[in-house]
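What follows is a set of notes on a single structure, which appears directly below.
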Amino acid sequence: YLCLERYHEIDKRYRDIEYTNNELKQLNAQLEKDLLSVGGVSELFRRGPEGQTSDSSVNETGIIKDVLNQSSAPLTSFSDSLTNTSTRDSPSDEALTAIVISQRERFRIRNIELENDNVSLKQQIGIFQNEMDKLRSDNIKLYEKIKFIQSYPTTRAADESIDRYSRGYDASLDPFTNFTKQEKQKKYESLKLHEKFALNFGRFILSSHKSRTFFVIYFILVHILIFLSLYKMVHTGSSVRDMSQICFDKFREHMAGVHGDKDFHLEHAHAGAGAGVGLTPPPHIHRLLPPIGGYEKMPLVSLEEAVAPLESLLPSIQQYVYAAKQRCQAPADGLSLDESAAIMLYTMVWEPLDECLYVALNAVLRSQQRSFLKPWFLFLKLFLTALNRLPFTSRCNVYRWTELDLHLQYTKGKTVIWWGFSSCTASVADLESKRVLGKLGPRTLFSIECFSGKDIRKHSYNPSDDEILLCPGTQFEIVSCIDARADLHIIQLKETKPPFPLLVPVPHFEPSLYPFAMKHSMACASLPSNQSTITRARGYEIIYIDSNDPNDKSNTKST
Numbered sequence: 001y002l003c004l005e006r007y008h009e010i011d012k013r014y015r016d017i018e019y020t021n022n023e024l025k026q027l028n029a030q031l032e033k034d035l036l037s038v039g040g041v042s043e044l045f046r047r048g049p050e051g052q053t054s055d056s057s058v059n060e061t062g063i064i065k066d067v068l069n070q071s072s073a074p075l076t077s078f079s080d081s082l083t084n085t086s087t088r089d090s091p092s093d094e095a096l097t098a099i100v101i102s103q104r105e106r107f108r109i110r111n112i113e114l115e116n117d118n119v120s121l122k123q124q125i126g127i128f129q130n131e132m133d134k135l136r137s138d139n140i141k142l143y144e145k146i147k148f149i150q151s152y153p154t155t156r157a158a159d160e161s162i163d164r165y166s167r168g169y170d171a172s173l174d175p176f177t178n179f180t181k182q183e184k185q186k187k188y189e190s191l192k193l194h195e196k197f198a199l200n201f202g203r204f205i206l207s208s209h210k211s212r213t214f215f216v217i218y219f220i221l222v223h224i225l226i227f228l229s230l231y232k233m234v235h236t237g238s239s240v241r242d243m244s245q246i247c248f249d250k251f252r253e254h255m256a257g258v259h260g261d262k263d264f265h266l267e268h269a270h271a272g273a274g275a276g277v278g279l280t281p282p283p284h285i286h287r288l289l290p291p292i293g294g295y296e297k298m299p300l301v302s303l304e305e306a307v308a309p310l311e312s313l314l315p316s317i318q319q320y321v322y323a324a325k326q327r328c329q330a331p332a333d334g335l336s337l338d339e340s341a342a343i344m345l346y347t348m349v350w351e352p353l354d355e356c357l358y359v360a361l362n363a364v365l366r367s368q369q370r371s372f373l374k375p376w377f378l379f380l381k382l383f384l385t386a387l388n389r390l391p392f393t394s395r396c397n398v399y400r401w402t403e404l405d406l407h408l409q410y411t412k413g414k415t416v417i418w419w420g421f422s423s424c425t426a427s428v429a430d431l432e433s434k435r436v437l438g439k440l441g442p443r444t445l446f447s448i449e450c451f452s453g454k455d456i457r458k459h460s461y462n463p464s465d466d467e468i469l470l471c472p473g474t475q476f477e478i479v480s481c482i483d484a485r486a487d488l489h490i491i492q493l494k495e496t497k498p499p500f501p502l503l504v505p506v507p508h509f510e511p512s513l514y515p516f517a518m519k520h521s522m523a524c525a526s527l528p529s530n531q532s533t534i535t536r537a538r539g540y541e542i543i544y545i546d547s548n549d550p551n552d553k554s555n556t557k558s559t
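Using full-length UniProt numbering, read the sequence shown as starting at 1 and increasing by one per residue.
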């Protein structure tokens, strides 16, 4: 406030000085006009020696008239014209000129002083203006601090409605409040999208006591869930083994309840080859079971018909048959759609494991009761026919592994028989990709030298796996058993040929007869029913035709 009063005082002085300056200028102009009137009239009618007006008088009269007409012009113009036009120099004129010149100098000097004072006053006004701006900004900050202090909860007024409306009215009229709101809005608009989200989210959390409490509880619960998830991941291996054992027991109970026999040995879910298909040789692997046969007499049917007798054991089998056929639209190795789909169906895994085809099939194959195989005959005929059409692998080494310690069941020099289908891998890289060699815990790795394996990679559900399939009834000689580590045992096996077939082979047909059989099957199928009776006429099969044509004198039974 002192600065403001000082500013008003200086401004008043400045206006007074400016008013005085204007008055002096007016007096100066009036004085010049009076001087022209006094000094020029005496010579206006001055005559020459002969009573006539001289030329100089005439000239001076014209000059005076011009000066009177231009009385508002500066004094300098008058003096210059007087000096240039005067032809006579009298003492009175010289004295008058000196007075006018000195008066002009005094006024000029005074005018310069007043201009300097004016400039200094303007500078002081600018300085005071800057100080006022600084004081205004300090006042705004002080006002904001006061408002912040006033925002703390205080005793509410008796009438809440009046208090609320009065605050709203004051806020709407307060310029500082509007200015603060505008500044906040500008700063908010300059923020980026993620900064706005973080600001609004923080305001929402800190807006009330309930939201803060909820966020703290949510934060604690999320960290507890993360901790439990990590703890569970550490024990994933043991959890999977426990679940597989439960499935193992359930399937054994299921098979015992359906077939009335408890001599089932289901392969363990954690045993497998590089392809991931499991096998744990059961305790009776050293027994010589009856050969697997009877399926070879069954006709070749479609995959849907082949698995129809298994629907009571495997309720969802038809769904996986459909999925397998959809993926076998262009079978390799010259296999038919049903044959390739049968191989793919065997390699598919679904849950529960006791209703998975490969698990149930291998359990029945290892059973002493060969009568349990009858519902599987149609599928075995189609499946083994497809495998028979695949070329044999040359003598090579394949690998198979299990997460069990089986070295006590395999003694060097003994002969063992695997009665189930055995999936192996021909690539050691598959074992590394499955982390078989880097795991901890009991493991057994089989290194098998075989010559009857079938490469089913082109027909497998997982074509990336280098899978070799060994048929049931494969006989091995135990070459060696090595303890690579305390928990890793490597058993070397060599395939040998048994004295008689343990798996009755599928009837073999020459490839050159396939087009002929298919041609005649199609031709016979096109004959009228009153001329021939066709029994299961299908391509690639030997069929018997019984002709009932009375004009046919040839042998009625022909192949």
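No residue lacks a Cβ here, since even glycine has one placed at the ideal position from N, Cα and C. All of these numbers come straight from a predicted model, not from anything done at the bench.
Start-to-end residues for the alpha helix (DSSP H) that takes in residue i
i	result
serine 229	209-234
glutamine 318	317-326
tyrosine 358	357-365
valine 307	303-307
Residue i in three-state terms, based on DSSP
i	result
tryptophan 418	strand
leucine 335	coil
tryptophan 376	helix
cysteine 471	coil
glutamate 5	helix
glycine 485	A quick correction: the sequence has arginine, not glycine, at residue 485. Residue state, collapsed to three classes: coil.
phenylalanine 500	coil
threonine 425	strand
asparagine 139	helix
tyrosine 461	coil
lysine 494	strand
valine 479	strand
proline 299	coil
tyrosine 399	strand
threonine 20	helix
lysine 184	helix
lysine 122	helix
valine 41	The predicted position of valine 41 is uncertain, since its pLDDT is 45 and thus under 50; no value can be drawn from it.
lysine 412	coil
proline 283	Residue placement at proline 283 is flagged as unreliable, the pLDDT there being 43, under the threshold of 50; the coordinate-derived value follows with that caveat. Three-state result, proline 283: coil.
isoleucine 456	coil
Delimiting residues of the beta strand (DSSP E) encompassing residue i
i	result
histidine 194	Histidine 194 -> not in any beta strand (DSSP E); alpha helix (DSSP H) instead, spanning 193-206.
leucine 445	443-450
glutamate 311	Segment: none, glutamate 311 is in no beta strand (DSSP E) and carries neither H nor E.
arginine 395	It is not in any beta strand (DSSP E) - arginine 395 carries neither H nor E in the DSSP assignment.
Short Cβ contact (7 Å threshold) for residue i with residue j
i	j	result
isoleucine 317	valine 301	no
asparagine 397	valine 506	no
methionine 344	histidine 459	yes
tyrosine 461	threonine 347	yes
asparagine 22	leucine 114	no
leucine 314	cysteine 328	no
lysine 412	isoleucine 456	no
glycine 334	valine 504	no
aspartate 466	serine 427	yes
leucine 470	serine 422	yes
proline 472	tryptophan 419	yes
proline 498	glutamine 475	yes
phenylalanine 451	arginine 395	yes
glutamine 123	isoleucine 10	no
alanine 341	leucine 303	yes
leucine 406	isoleucine 448	no
When the options are compared against residue i, the one with the closest alpha-carbon
i	options	result
glutamate 18	Tyr346, Val119 and Lys454	Val119
lysine 414	Leu114, Ile491 and Asn130	Ile491
histidine 489	Leu384, Tyr399 and Asp333	Tyr399
glutamate 495	Ala324, Phe377, Thr393 and Glu305	Thr393
leucine 365	Trp376, Val100 and Thr385	Trp376
glutamate 32	Leu288, Ile468, Asp16 and Gln103	Gln103
serine 312	Leu191, Ile112 and Leu357	Leu357
leucine 24	Arg106, Ile10 and Asp11	Arg106
leucine 445	Phe451, Lys454 and Cys424	Cys424
lysine 145	Asp16, Glu296, Leu27 and Thr177	Thr177
glutamine 369	Ile112, Pro290, Tyr152 and Ser447	Pro290
glutamine 26	Asn111, His194 and Glu5	Asn111
glutamine 319	Glu355, Leu288 and Glu131	Glu355
alanine 95	Asp138, Leu35 and Lys134	Leu35
Beta-carbon separation (whole angstroms), residue i vs residue j, contact threshold 8 Å
i	j	result
isoleucine 417	leucine 353	That pair is no contact at about 24 Å.
leucine 121	tyrosine 14	5 Å
leucine 390	lysine 454	5 Å
proline 442	leucine 404	6 Å
lysine 381	glutamate 296	7 Å
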